[in-house]
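Residue numbers (the numbering used here), protein chains in the order written: chain F, 1 to 967; chain Y, 968 to 1142.
What follows is the structure in structure tokens.
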């Protein structure tokens, strides 16, 4: 550390001392906003502050004198031949942790033992000594082949001596310094250490100083963990020392609980911070030891203590050289946050027992069977097995939140190695981007090159997916399938796509399969090489089966077969199917495997062919065993998680290959429709909370047409009508898949909406009374259509068409005469949200031609020639972003939502010439709001407000989720 | 130097004897007194100028440090048959709590500290090895006593952190 840097630390340390508790934490957080190292260093020093109270308060002269005294006492006591009770000292064995060690002969039992002489300082305090004796008894009760036994605590004269099992052989520290230990041997050693830990932990004893120097391998090949629990016993709750005459019990001696014990390089982060530790600290140390065995490299050793501690707290292990199968376990042992760390080393032990492999006491690492089982245990993190023995351990569950804004339906994907969670979120600039959460850190990273600033129909990006090595994400970016390395860098195009990429999967041979939906009425799944190129069809929609889409494929372990979802307007045809890379597109298996309306995820098993298919049943995430070899389901489906959200046919969950599951109920999935006045004051609520997505107020302001996910069947979306006065609701449509974007006729008698019946979003009309069937208005193969406005005179419907060529465009459908659609604005930019002015002469809409969405107004003339609109005049209404324009009924005011979330008002005067005033902010819209409509008089706004502000805990992550399968 | 060494050695053994006998050692000589005893004519502590007094304090502390550390080091190598070994964490940490750090390890850590922060390292030398009060230390360093107390606090925390944890894996527990 440079003197300048140190001075910075010193200044902060001094300043921080003026604050206590959370104020201090906040102070440091502020001061070290960008400098985690600095904060760690200051915090660590502050943690030592209290412990150092009595440190060095006795002058050096006395310290040295006391050491001299001790040394002389020992010299006198333990010369060779010295007799201590039944023990005769033979030779010194050396000194190490907590005292000097001698080889001695137990004349009673006729065996050699080790005597560990404790420093005399222990004996100063009667209370402490009593506690010490009690704890020594507990340690002496440990009896396990892999634990060096403690025979007892003896006291002679003024000496306290532990009598220990004498273990011959080398320590692991000796082994590691020689070279890396071969994997099989390392795993066998690890297994025995784990057994020792399991046993001790069950007895409530933690080691606290597990390190290679404390682990011996006997000449017979047994692993012995030494000094189990001694660190704890020797750690005093009281400060013995500086004043031997202090009050015996009644006083308040300075406690030193949590003082750092352990060897820095093997110390868990919480230990290094001086926080209380539990058995998870042992699990950490176990991870470090195993890592070092496997690599022959020291993991956290650095030149200085500070550097070592900093490494423990901050540095990520280099996983090169760690076999892939062991990596997940090591990663879970080496979680810096103890809450996320593997909780119970016993999980592994139980697995080993369940597999009924006898403990190979003699030559453990030559027993391949044991090694294999150990590998399984490691790779599976203590879980996937369907044997008789139930697992006691609960899965580890935690929630993580994002600093960015999450839209409902935003996809998420856990990397195959379980290390990262990718999700899409919207920054303050309103642009969706890919974000990466490393599950072992609190930091989110944004992949700034992921998406261009384009607006998607729902503001939600389609699902993305990982490469098998967890390095890349594949995702759709404006007409392309692209991949991006999660460490950063530019996105690379893989291939062109026609429609929307609704999910994909990437196998180890470099084959990427993906859904390209709504491109045409034939295309199902496509395939392309990970090197990029031209994609080719993998599956085709079967018109005879009335199939809508083939989406969300998930490779099976053989890398040839895959699961995917087919939807159809015939319910019996919707569900999970098995496809094959070897089959021709028209010859894919059309036998349904599983009935569901959302995409499947396959999670392999490590101990059998039978992995699990994860799928949604309503809002419950289900798992059902699938034999990936025979391609058959077996057993029953079992619930894994509740309240798992979905967006259209995409279930908001994802799972890694190694037991990490992430899901979300869908951030802000439930909205409450609320009335706000022009000041943003809450006037009241309408209806019950629900999964609303788009809403329209009837011209008389009494009813609301809204698209809503079905309360009893989430993947389906229907149009509902809410009676604002009576607070009742009725379902207008009965869709298999979805009905979206309702708009009212001027007289309130009819509603037009889009529905995907028959393959793509098409326009339908239904009477608001609910009478009669819905009538198809417009279906054509040129793209998905979303209605936005119905002219007052009832003659024209304005809609957005999502075109593969020109992005979203404005079109008009005449509802009289020839019904021939007229393109109004078909540019290379995105135009959407067209709204007729009440007199029908103007259209307000959004366009991103300037780079971001802004509101524009153009004149509408029904007689104008098609295409002439592009050249006509337009007025820019908004400044600095705008969405969702709405007219007041007299046409004299236009409202829109600004990109900073403010509801804006603009005065409009159409005569004699069109003029628009300066936008004025009315009020701040609630965070995460959706939709928005306004009453005819412009006095009240209808807004969807997220009910649970779930933005703070959007994702639930479960480690070990398969443990829930057996209870 | 050798006279001081003898004086100090005598005092050390006097103290050690009383510890071993389980007695309170009673009166402990201040390092400055020891220096004075060794060199009675070197300075007249009671009658020196302020400037010289500060200088004397500083020199005493330095001498004490050197002698005590050398002494502790020689004791160690004597016991180990010349082998060097590092006091392990637990021992160090327990000793720290009881009465202060192992002085050899402390001396090493102090050297590291002095490289980046000579002043705080001097504060430790003066107070711990020299036995000076905060005010006396302030006098030597020509800073306020308040600064000395802050320096002392920070240096103690840093040193304890440095000493509490054992860097090495070299030594083994031959139990």
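Don't be surprised by glycine CBs; every beta carbon is placed ideally from N, CA and C.
For the 8 angstroms CB-CB criterion, residue 598 (chain F) and residue 651 (chain F) form a contact. The C-beta distance from residue 904 (chain F) to residue 921 (chain F) rounds to 6 angstroms, short enough to fall under 8 angstroms. Residue nearest to residue 131 (chain F) within the set F:102, F:230, F:60 and F:151 is F:230 (criterion: CA-CA distance).
Note: residue 481 (chain F) is bridge-paired with F:476 and F:495 in the DSSP secondary-structure output.
Annotation: residue 851 (chain F) to residue 797 (chain F) spans about 27 angstroms, alpha carbon to alpha carbon. Think of a sphere of 9 angstroms around the beta carbon of residue 1070 (chain Y): the chain F residues whose beta carbon falls inside it are 60, 63, 64 and 67, in chain order. A Cβ-Cβ distance of about 4 angstroms is found for the pair residue 510 (chain F) and residue 530 (chain F), placing them in contact under the 8 angstroms criterion. Only residues of its own chain outside the window of five on either side were considered, and among them 507, 508 and 509 have a CB closer than 7 angstroms to the CB of residue 559 (chain F), listed in chain order. Under the 8 angstroms Cβ criterion, the stretch 735-748 of chain F counts as touching the stretch 715-724 of chain F, having at least three qualifying pairs. In the DSSP assignment, residue 197 (chain F) falls within the alpha helix (DSSP H) that extends over 183-202.
If you look at residue 924 (chain F), you'll find it in the beta strand (DSSP E) that goes 920-924. For residue 49 (chain F), the neighbours in chain Y by C-beta distance under 7 angstroms run, in chain order, 1120 and 1124. Leaving aside the five residues that flank residue 471 (chain F) on each side, the residues in its chain whose CB is nearer than 7 angstroms to its CB run, in chain order, 485 and 486. Closest in alpha carbon position to residue 1024 (chain Y), among Y:1094, Y:1034 and Y:978, is Y:1094. Chain-ordered, the chain F residues with CB closer than 9 angstroms to the CB of residue 1096 (chain Y) read 59, 60 and 61.
In this chain, the alpha helix (DSSP H) harbouring residue 1075 (chain Y) covers 1070-1083.
Secondary structure of residue 679 (chain F) (DSSP, three-state): coil. Interface annotation, residue 13 (chain F): in contact with chain Y, CB-CB separation under 8 angstroms.
The beta carbon of residue 1116 (chain Y) sits no closer than 8 angstroms to any beta carbon of chain F. Rounded to the nearest whole angstrom, the CA to CA distance from residue 917 (chain F) to residue 37 (chain F) is 52 angstroms. When DSSP reads this structure, residue 504 (chain F) sits in a beta bridge with F:514.
The beta carbon of residue 1075 (chain Y) sits no closer than 8 angstroms to any beta carbon of chain F. Note that the C-beta distance between residue 847 (chain F) and residue 790 (chain F) is not below 8 angstroms.
The shortest C-alpha to C-alpha distance from residue 634 (chain F) to any of F:722, F:415, F:624 and F:925 is the one to F:624. Identification of residues in the stretch 1025-1037 of chain Y having a C-beta nearer than 8 angstroms to some C-beta of chain F yields 1031, 1032 and 1035, given in sequence order.
If only uninterrupted beta strand (DSSP E) runs of at least 3 residues are considered, those enclosed by the stretch 841-909 of chain F are 842-847, 854-859, 874-876, 882-887, 893-898 and 902-909. Listed in chain order, the alpha helix (DSSP H) elements of length 4 or more contained wholly in the stretch 128-181 of chain F are 172-178.
Ranked by Cα distance from residue 215 (chain F), the options F:184, F:286 and F:265 are led by F:286. For residue 961 (chain F), there is no enclosing alpha helix (DSSP H), as DSSP marks it with neither H nor E. Per the coordinates, the alpha-carbon of residue 542 (chain F) lies some 19 angstroms from the alpha-carbon of residue 755 (chain F).
For residue 1105 (chain Y), the enclosing alpha helix (DSSP H) stretches over residues 1101-1108. For residue 6 (chain F), the residues of chain Y that pass the 7 angstroms Cβ criterion are 1083 and 1084, in the order they occur in the chain.
For a cut-off of 8 angstroms, the C-beta gap from residue 501 (chain F) to residue 553 (chain F) is around 11 angstroms, too long to register as a contact. Taking 8 angstroms as the cut-off, the Cβ atoms of residue 473 (chain F) and residue 483 (chain F) count as close.
At the C-beta level, residue 61 (chain F) and residue 13 (chain F) stay beyond 8 angstroms of one another. If you draw a straight line from the Cα of residue 613 (chain F) to the Cα of residue 30 (chain F), it is about 46 angstroms long.
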